[in-house]
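> As they're listed, the protein sequences go chains A and B. Using the working numbering, you'd call the opening residue of the first sequence number 266 and step up by one each time. Using the working numbering, you'd call the opening residue of the second sequence number 3 and step up by one each time. By construction, the Cβ of each residue, glycine as well, lies at the ideal position given by its N, Cα and C atoms. Since the structure is predicted, the reported quantities are computational estimates derived from the model, not experimental observations.
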Amino acid sequence: MPNYAQTNLQLFNQLLAQGYTKENLRRVHQTYELGRLLFSGRSTASGRTQIVHGVGTASILAFWSAPAYVVAAGLVHNVYNNGDFGGGRRGISEQKRAVLREILGQEIEEEVANFAMLKWNEKNVSQFNLGKGPLTPNLVFLRLADLLDHNLSGGVFYDHAAMKGKNGLRLSIPPFVIQASNVLGVSGIGKELERAKIEQDSLQPLASLHEKFGANGGFNVLPSSYSQKTFLKLLKVLARYWPGVGAAWSRGLKRKLIDHGLT
Amino acid sequence: MTFVAQTNLQLYRQLSEQGFSQEDLAYMHQACHVMVQLFPFLYRPNGKEHFAHAVGTASILCSLQKRVPVIAAGLLHAAYRHGEFPSFRKGPTKSNRKYIQNVVGQETEEHIARYFYLQWDRQNFIEIQERFTELSEIDRDSLLIRLADNLEKCVDLGVLFVSSGPGGKRSIQKTGPTRVELARKLGYPALADQIQTAHEAILNAEIPSILCNGNGAQMDFLLVPLSYRRSLFAYLSSLFCVSTSSLKMKSFK
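Written as structure tokens, this is what we have:
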């Protein structure tokens, strides 16, 4: 099984070795820099950070020859649900989409939005396998890479929700998911998913750690020296009654991202 | 190059494969938990998360078959320099030392404090070499942690992804051979070989400038999530805090 990247350096070295063009390297690099800001302080249930999960997902996509914009989307695939855009609210919104489109471009943003909006469940995946339904090939590619990265790391064991089957498709890796990888033409990912599942048995010595230290999904790590900005609560209330607040927040976010050299 | 873990999960797996006990694993898990609390927003000048660097340092020490307190000290080696403590102060203050002692024990804390006080410059290198035989076990371990820290910075050509990329090469040309020699003197020829290999790889590699860290940072930097800011109380506390540089009085002298 290939050693997929778990840091930005490993990912960039991988892309260099795979002969990515300068323009494609620039896009992936820029997406990483945006992702590390929006995911800062955000951890997965296992204690592995969100940006590491993004890097792992992107690395799998690159290894299986996904187009560069899908690799870049892999880096920030769950940014609408887990990223901190400074508005104090999680989830996808038109303002967030506009900002991401402006920085990363439409192609990348669309893939990320699809990840947030299109449901990954048995019905949709089965329909995809029959050439129907709402799931796009790129989204299935992204989902498979996401699933593989979670399973390869052994991180799913720490996610109580995944262990209880609440997240359904994550730990169990049902046959229709493997079939989706065949339909997509990346049966190698399907085989790796099956192997990862078998390999998970070798992680049993860590089982007690999982019970003791696991969490229900991702979480924020916040030292006591930091606190949420007080005006955010006010912003949330105002946004409900005055749509202009959302636009003003969006402009403020753009300014912040410019300050971070991200445009 | 030997495998160097970059995530907590890779480190647990490495420890498990090397035969460390369940208690050791639980202890390292606790140390990782502390690390996450201390450095949540910290990044290396090459844009890599500090977590990954800290885990990598611990992983190198693990592959050298060091004991768990030394591995944990490798994980938390930068605690007093960069850690966000509940006291809001940096450095090995009384309360910070007590905090670390409470969570990872006295032996690990002593290693971390000793590492903090270790001066690592050319002059000090010469002095260390001159009185090498007089060094205590803990001093030798501190030197080893420093070498592991340095090697980890070179893993995956790390020093070349900094915006001052060529500076990394110059530094290696200057101090590289001394580090290799020190590793041999400490009794770790495999580590010396690893350092040498990593240095050669860096000296022979070129990285496109577009992949270097975009914010131009030359030192470790913080990326605070956009919804958060340093609390007023923490800010005021730091105003009255003794600067960490003045705490670096003790050395190997």
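Within the 8 angstroms Cβ cut-off, does residue 158/B reach chain A?
As a working note, residue 158/B is residue 156 in the second sequence. It does; some Cβ of chain A falls within 8 angstroms.
> For the beta strand (DSSP E) that contains residue 493/A, what are its first and last residues?
Taking the first sequence and counting its residues from 1, one reaches residue 493/A at position 228. Element bounds for residue 493/A: 491-493.
> For the region 281-311 of chain A, enumerate the residues whose C-beta is nearer than 8 angstroms to any C-beta of chain B, in chain order.
Within the region 281-311 of chain A, the qualifying residues are 281, 287, 290, 291, 294, 295, 297, 298, 301, 302, 303, 305, 306, 307, 308 and 311.
> Could you give the residue range of the alpha helix (DSSP H) that holds residue 117/B?
The count along the second sequence starts at 1 and reaches residue 117/B at position 115. Element bounds for residue 117/B: 108-119.
> Could you please give the first and the last residue of the uninterrupted beta strand (DSSP E) stretch that includes residue 269/A?
Sequence index remark: in the first sequence, residue 269/A carries index 4 (1-based). Note, residue 269/A: premise wrong, no beta strand (DSSP E); not H, not E.
> Span of the alpha helix (DSSP H) holding residue 460/A?
Translated into the one-based positions of the first sequence, residue 460/A becomes position 195. Its alpha helix (DSSP H) spans residues 452-464.
> For a test of the three-state rule: what should DSSP assign to residue 431/A, helix, strand or coil?
Translated into positions along the first sequence, residue 431/A becomes position 166. Below a pLDDT of 50, predicted positions are generally treated as unreliable, and residue 431/A, at 47, falls in that range; no measurement from the model is reported.
> Return the CA-CA distance between residue 457/A and residue 413/A, expressed in angstroms with no decimal places.
The residue labelled residue 457/A in the question sits at position 192 within the first sequence. The residue labelled residue 413/A in the question sits at position 148 within the first sequence. So the alpha carbons of these two residues sit roughly 7 angstroms apart.
> Applying the criterion that 16 or more other CB atoms from any shown protein chain within 10 Å of the CB defines a buried residue, is residue 172/B buried or exposed?
Against the second sequence, residue 172/B aligns to sequence position 170. The residue in question, residue 172/B, is exposed, as its Cβ has fewer than 16 Cβ neighbours within 10 Å.
> Could you pull out every residue in the same chain whose Cβ sits closer than 7 angstroms to the Cβ of residue 218/B, ignoring the five residues on either side in sequence?
Translated into the one-based positions of the second sequence, residue 218/B becomes position 216. Closer than 7 angstroms at the Cβ level, and outside the excluded window around residue 218/B, lie 165.
> Rounded to a whole number of angstroms, what is the C-alpha to C-alpha distance between residue 325/A and residue 379/A?
Counted from its first residue, the first sequence places residue 325/A at position 60. Counted from its first residue, the first sequence places residue 379/A at position 114. Taking the straight line from one Cα to the other gives about 19 angstroms.
> Which partner residues does residue 237/B have in the DSSP bridge list?
As a first step, residue 237/B is located in the second sequence; it is residue number 235 there, counting from the start. DSSP lists no partner for residue 237/B.
> Could you give the C-beta distance for residue 162/B and residue 207/B, rounded to a whole number, given that I count them as a contact under 8 angstroms?
For the purposes of this step, residue 162/B is identified with residue 160 of the second sequence, where counting begins at 1. For the purposes of this step, residue 207/B is identified with residue 205 of the second sequence, where counting begins at 1. Indeed, because the Cβ distance is near 6 angstroms, the residues count as touching under 8 angstroms.
> Hey, how far is the Cα of residue 28/B from the Cα of residue 40/B?
Position 26 of the second sequence, counting from 1, holds the residue named residue 28/B. Position 38 of the second sequence, counting from 1, holds the residue named residue 40/B. The alpha-carbon atoms of residue 28/B and residue 40/B are separated by roughly 19 angstroms.
> Under 8 angstroms between C-beta atoms, does residue 82/B make it to chain A?
Residue mapping note: residue 82/B aligns to position 80 of the second sequence, counting from 1. Not an interface residue.
> What residues from chain B crowd round residue 488/A, counting only those whose CB sits closer than 7 angstroms?
In the first sequence, the residue the question calls residue 488/A occupies position 223. Going along chain B in sequence order, the residues near residue 488/A (Cβ under 7 angstroms) are 39, 42 and 86.
> Along chain A, in chain order, which residues have C-beta atoms closer than 7 angstroms to that of residue 53/B?
Counted from its first residue, the second sequence places residue 53/B at position 51. Those are 314, listed as they occur along chain A.
> Do residue 110/B and residue 74/B count as a contact pair if the criterion is CB distance below 8 angstroms?
Locating residue 74/B in the second sequence gives position 72, counting from the first residue. Locating residue 110/B in the second sequence gives position 108, counting from the first residue. In this structure, residue 110/B lies closer than 8 angstroms to residue 74/B by Cβ.
> So, at 7 angstroms on beta carbons, what are the nonlocal neighbours of residue 185/B in its own chain, with the 5 sequence-adjacent residues on each side left out?
Looking up residue 185/B in the second sequence gives position 183. Once the five neighbours on either side are set aside, the close Cβ partners of residue 185/B are 149, 193, 194 and 197.
> On the premise that residue 493/A lies in contact with residue 230/B, defined as a C-beta separation below 8 angstroms, what is that separation, rounded to the nearest angstrom?
Position 228 of the second sequence, counting from 1, holds the residue named residue 230/B. Position 228 of the first sequence, counting from 1, holds the residue named residue 493/A. Between residue 493/A and residue 230/B the Cβ distance is about 6 angstroms, and since that is below 8 angstroms, they are a contact.
> DSSP on residue 314/A, reduced to helix/strand/coil?
Residue numbering aside, residue 314/A sits at position 49 when the first sequence is read from its first letter. Residue state, collapsed to three classes: strand.
> For the alpha helix (DSSP H) that residue 29/B lies in, which residues bound it at each end?
To locate residue 29/B, count along the second sequence from 1; it is residue 27. Its alpha helix (DSSP H) spans residues 24-40.
> Would a check of beta-carbon distances place residue 168/B closer than 8 angstroms to chain A?
Within the second sequence, the letter at position 166 stands for residue 168/B. Not an interface residue.
> How is residue 13/B classed by DSSP in three states: helix, strand or coil?
For the purposes of this step, residue 13/B is identified with residue 11 of the second sequence, where counting begins at 1. Correct three-state label for residue 13/B: helix.
> Quick one: residues in its chain with C-beta nearer than 8 angstroms to the C-beta of residue 191/B, no 5 flanking neighbours on either side, listed in chain order?
Position 189 of the second sequence, counted from the first residue, corresponds to residue 191/B. Once the five neighbours on either side are set aside, the close Cβ partners of residue 191/B are 185.
> Helix, strand or coil for residue 285/A per DSSP?
Here residue 285/A refers to the residue found at position 20 when the first sequence is read from its first residue. DSSP places residue 285/A in coil when its eight states are reduced to three.
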